[in-house]
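Visitor: Mind having a look at this structure? Questions to follow.
Numbering (my numbering), first residue to last: 37 to 275.
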């Protein structure tokens, strides 16, 4: 079946952070006179993030939160768990981090991505993004010189639902006016990307730049595993 639409995940599929969360949090905190080890902040962040995402999934949209409020709470709780409780300072740190994570200095485009997206378009494929991200994603992709490749960028904040919910994939298909059998999705998460898209009737492929990562992913046929974005083009060579 000829593909017409190719949708992409973003983080760790097209771009990645230039440094760890702990390193970035530590650097910003240092500018406010707070000295904490990156590994301490990294550990605290992951604990807080898991709880926050469970209590307020998809940035707490159904609970009346904005994504910036959601992230502000994550940052403040991360530092509070490390013994920092000055609310005014924590607000400033949270504001700086929220702004900084939309800047190109904190992101790098993965090798081969720019060329792959260009070649996909040359083949006549329509490209779009489906990502569990917030409203900053358009700005991030533009700053990384990737935004122009996509017809639209659908974030979970915009859609009101997050992957792997089939509704976010269905919304993308409606926006593109493409039937699911004519669309494929590419991402690095087995549940959110690979299974989510297939549950919506799309084809899907799993990017695993370091090989298989867990037992679930061993259920994915080898022909659906891509070692890098560059290998996407082999999909069309097989057709």
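Using N, Cα and C, we set each Cβ at its ideal position, and we do this for glycine too. It should be emphasised that the depicted structure is a prediction, and the values quoted were computed from it without experimental measurement.
To the nearest angstrom, how far is it from the Cα of residue 139 to the Cα of residue 62?
Guide: Cα to Cα, residue 139 sits roughly 17 Å from residue 62.
Visitor: Determine the extent of the alpha helix (DSSP H) in which residue 104 is found, giving its start and end residues.
Guide: Unbroken alpha helix (DSSP H) run through residue 104: 103-116.
Visitor: Scan the stretch 160-210 and note each continuous beta strand (DSSP E) run of 3 residues or more that stays entirely inside, going in chain order.
Guide: Counting only runs of 3 or more, we get 162-167 and 188-191.
Visitor: Report the rounded CA-to-CA distance for residue 161 versus residue 218, giving the unit in angstroms.
Guide: Near 11 Å, if we compare the C-alpha coordinates of residue 218 and residue 161.
Visitor: Would you please state the rounded distance, in angstroms, between the beta carbons of residue 222 and residue 42? I believe it to be under 8 Å.
Guide: About 7 Å; that satisfies the 8 Å criterion.
Visitor: Quick check: the stretch 188-197 against the stretch 134-148, are at least 3 beta-carbon pairs closer than 8 Å?
Guide: Contact fails: fewer than three Cβ-Cβ distances are below 8 Å.
Visitor: Taking the alpha-carbon of residue 78 as reference, which of 269, 115, 230 and 231 has the nearest alpha-carbon?
Guide: It is 115.
Visitor: Might you give, ordered along the chain, the residues of its own chain that have their beta carbon closer than 7 Å to the beta carbon of residue 57, omitting 5 neighbours on each side?
Guide: These residues qualify, in order along the chain: 78 and 81.
Visitor: Are residue 44 and residue 145 closer than 8 Å when you measure CB to CB?
Guide: No, the Cβ-Cβ distance between residue 44 and residue 145 is not below 8 Å.
Visitor: List the endpoints of the continuous beta strand (DSSP E) containing residue 144.
Guide: Note, residue 144: beta strand (DSSP E), 143-145.
Visitor: Check whether the Cβ atoms of residue 265 and residue 231 lie closer than 8 Å to each other.
Guide: No, these two residues do not count as a Cβ contact at 8 Å.
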